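To start, the structure itself, in structure tokens.
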Amino acid sequence: MSNINYRADIDGLRAFAVLVVIIFHMNEDWIPGGFLGVDLFFVISGYIITSVIYPQIIANTFSFNLFYVKRIKRILPLFYLVSFTSFICAYLLYTPNDFVSFADSLRYASSFIANIYFEKQSGYFAPTSETLPLLHTWSLSIEEQFYFIWPAMLILAAKYIPKRLFVSLIAATLISLVVYSEYLSHKIPEAGYYFIQSRGFELLTGALLAILFFYKREKNISFKPSVYQLSGLTGVAIIIFFTIYLNGNSVFPGFNAFIVSAATAAIILSGESKATFTSRFLSHFTFVLLGRLSYSLYLWHWPVLAFYRYSSNSFTIRDALICSFITLVLSILSWRLFENPLRFIRLKKRWVYLFYFFLPITISVVVAKSIAKHDGYPQRFSNEALTLYQYSNMTFDHEKLSQPQIDAYPPFEPFLIGDASPANKTQIKTFIWGDSHAGHFRSYVDELGNQFGFSSLFGGLGGCPPLLGTDLIKHGKPETPCSQHNDQLSGVIKNSGASIVFLAGRWAMYTETTRAQGEKGSRVFLGDASDYSESRENSRRALKEGLERTITFLIKNGVTPVLFGQTPSYPFKPSNCWVKKASYLWLVDTNCDIEEQDMASRQGFANHLLKEVAAKYPEVILIPITDELCRNGKCVSKINGIPLYHDNNHLNSEGAREIYRISLKENKLHLLIDRLKLI
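Pasting the structure below:
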């Protein structure tokens, strides 16, 4: 599909882009800013496509039909091969809920709106990345959306806008999109990352460069060799710096991505002179070969990593090498035996649309809906595995809808927890306050309430610790929704006449500012009006002071604070581990627990802080959860045949109840029970 001279250096640039992406996906610590490889692809795509179609549009030889046929033959065959292979692997490996998540992603990816789907799935309770082998297709969707929009815009511009004004208009649009992207990346980071309106400027950067090259050739303009040399070296230096400097907590895309895009454009400009050091380096045979394989490498690498991680509870350098080998073999085979043959086969256009486009989309959507309709086909698993899965998949959110409701304490949820007898509906004496870890203790409190005759209500937000005067911060500024919600909850508690408030949080996430190994999500920082700097030390200070403010507030209002310790977080999903262990012979020896020292290395500071605060305030009752789960050097994820976890850090409903029963049996709750008798 080319009306331009072949550029070996651009294939070399593609190779660099795909390599840094793959390495980043294997381990973010190896190349923290490796995700910018996708941005290089966007700029290259904008440049190549515009270089091809703009001269055709000017010469009045452009054909929408031919353009889309070539794009379809270039992109879709391999996409559907990877999707079909992923479907087979997901059918064989995935638990029903994960299979449904895969099906949803397949439906959206096949409809070229994967970026919209994954933006919706990027919140606090998003599926873990290893259950989404098509996660990387969000970038493919953005390119496909660009292909739908850009040719028509170029045709209108060529027909109605003078050339000089057109360049100025593109530049102004590009700058506007950069500003909007920066704004969205601050306000709604997920949307900023996944939406075309915040990524379009990267494709537009490449497109603008192609148009400027076209005008340059028309006017026979040339630059000095030093310009090309300096352009390439500067671009390479910026890209390398940003792959090291940027990380998952950086504001991105926005201005950072614009700098990366401009640097990529500078490298492409340098390649106009084949004599530059940058051009010669990128044109090396090895880089060119990898560049030609880059689309295959990109599409295969993520499913390989996803399924490998799904089948294993660890990922070492050895595992990375194995995945690299599998990815390379699959890429070469599919490129030689599938991608190229189907790309260059001669077919009438109507058959291309039918067999490459409409039929695969229809099949993908029908299959995906069937998987969702049948709840992920649970009959694929044995009765033992299904029982474990059902335990693991159950949360209190499944149970609360059948509970009586009381609407007198908003923003606390109206669903009663514990004893729902008529006497307990008129006056709530206990509340549960905290983040999603407070949410998973609802069934614990439900057991407690039913046994000792009280009811409770839950109030909280995912990722929002129960701290007064302490804020979640992002880019040095407080995130007000959490703080406002806590202020509202504290106001209700103050006026309620409550006797006990259960406080719970994922404490170590705030003291360490990181999540469990391999878990999605940016770092989490705390601060307050005295200091909004983003550091682990400041977060620890803000957590301790905020927790003490909260406890002091409760005690002052005659409330007994009951402080839940944190359940251990896992670098994998122990719930899935037990299901897979019961399903596949080769996984029967898999360890679904973690070492106690691993828990202590992550949660040691948080556990010590809770004990310190509890010792300072005699009114506080501390329930140290790790005492029940971590013994003899192991932290267990199944007790008495019951798997405890829902995901890698949240308890399932029955798991929380089982922990309560053990605590009660071992007389660990005598202080709390004595206090409950006074209600």
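In terms of the numbering used here, the sequence shown opens at residue 30 and continues consecutively.
C-beta atoms are modelled at their ideal positions from N, C-alpha and C, and glycine is treated no differently.
The structure displayed is predicted, hence computed values, not measured ones.
Which one of the options has the shortest CA to CA distance from residue i?
i: residue 488; options: 471, 482, 389 and 63; result: 471
i: residue 285; options: 683, 69 and 444; result: 69
i: residue 188; options: 86, 218, 526 and 228; result: 86
i: residue 108; options: 173, 221 and 423; result: 173
i: residue 182; options: 42, 82 and 692; result: 82
i: residue 119; options: 338, 324 and 480; result: 338
i: residue 580; options: 304, 568, 520 and 496; result: 496
i: residue 196; options: 235, 498 and 590; result: 235
i: residue 599; options: 437, 292, 140 and 666; result: 666
i: residue 124; options: 223, 699, 692 and 419; result: 419
i: residue 610; options: 78, 341 and 40; result: 341
i: residue 332; options: 567, 113 and 668; result: 113
i: residue 702; options: 214, 136 and 480; result: 480
i: residue 264; options: 295, 466 and 246; result: 295
i: residue 449; options: 478, 266, 568 and 585; result: 478
i: residue 392; options: 63, 116 and 53; result: 116
i: residue 40; options: 88, 297 and 282; result: 297
i: residue 66; options: 59, 53 and 75; result: 53
Sort out for me which residues DSSP pairs residue i with in a bridge.
i: residue 660; result: 663
i: residue 624; result: 663
i: residue 633; result: DSSP, once it has assigned bridges, lists no residue as partnering residue 633.
i: residue 493; result: 490
i: residue 595; result: Paired residues: none, contrary to the question.
i: residue 564; result: Paired residues: none, contrary to the question.
i: residue 502; result: 507 and 554
i: residue 590; result: 530
i: residue 672; result: 667
i: residue 444; result: 434
i: residue 680; result: 674
i: residue 300; result: None, per the DSSP bridge assignment.
i: residue 460; result: 486 and 530
i: residue 651; result: 592
Write down the C-beta distance between residue i and residue j rounded to the nearest angstrom, noting that I regard them as a contact closer than 8 Å.
i: residue 405; j: residue 126; result: 6 Å
i: residue 43; j: residue 320; result: 4 Å
i: residue 582; j: residue 528; result: Not quite, the Cβ-Cβ distance comes to about 15 Å (not below 8 Å), so this is no contact.
i: residue 98; j: residue 381; result: 5 Å
i: residue 240; j: residue 79; result: 6 Å
i: residue 704; j: residue 589; result: 5 Å
i: residue 692; j: residue 698; result: 5 Å
i: residue 179; j: residue 144; result: With a Cβ gap of about 16 Å, residue 179 and residue 144 do not count as contacting.
Confirm, please, whether the CB-CB distance from residue j to residue i is below 7 Å.
i: residue 631; j: residue 537; result: yes
i: residue 328; j: residue 352; result: no
i: residue 551; j: residue 277; result: yes
i: residue 516; j: residue 602; result: no
i: residue 673; j: residue 664; result: no
i: residue 238; j: residue 199; result: no
i: residue 414; j: residue 612; result: yes
i: residue 455; j: residue 483; result: no
i: residue 138; j: residue 163; result: yes
i: residue 462; j: residue 394; result: no
i: residue 134; j: residue 169; result: no
i: residue 51; j: residue 330; result: yes
i: residue 47; j: residue 290; result: no
i: residue 655; j: residue 571; result: no
i: residue 363; j: residue 325; result: yes
i: residue 522; j: residue 486; result: no
i: residue 305; j: residue 258; result: yes
i: residue 223; j: residue 336; result: no
i: residue 71; j: residue 232; result: yes
i: residue 400; j: residue 128; result: yes
i: residue 604; j: residue 411; result: no
i: residue 695; j: residue 662; result: no
i: residue 561; j: residue 505; result: yes
i: residue 642; j: residue 576; result: yes
Is the CB of residue i under 7 Å away from at least one CB in chain C?
i: residue 91; result: Among the chains in the structure shown there is no chain C, since it carries only a single protein chain.
- Do the segment 308-320 and the segment 246-253 meet, that is, are 3 or more Cβ pairs less than 8 Å apart? In short, these stretches do not touch, since the Cβ pair count stays below three.
- Could you tell me whether the segment 259-273 touches the segment 223-237, where touching means 3 or more Cβ pairs closer than 8 Å? Under the 8 Å Cβ criterion, the segment 259-273 does not count as touching the segment 223-237, having fewer than three qualifying pairs.
- the segment 684-696 touching the segment 499-515, judged by at least three CB pairs closer than 8 Å: In short, these stretches do not touch, since the Cβ pair count stays below three.
- Message: Using 8 Å as the cut-off, can you tell me whether the segment 399-415 makes contact with the segment 586-603, which would need three or more C-beta pairs spanning the two stretches below that distance?
- Response: Below 8 Å, too few C-beta pairs join the segment 399-415 and the segment 586-603 to call them touching: fewer than three.
- Task: Evaluate contact between the segment 555-570 and the segment 605-616, counting only Cβ atoms and requiring at least three cross-stretch pairs below 8 Å.
- Result: Result no; under three Cβ-Cβ pairs closer than 8 Å.
- Three CB pairs or more closer than 8 Å across the segment 362-376 and the segment 97-108: Output reads yes: the segment 97-108 touches the segment 362-376.
- Item | Three-pair Cβ contact test at 8 Å for the segment 433-443 versus the segment 632-642 | Flag = no, the segment 433-443 and the segment 632-642 do not touch.
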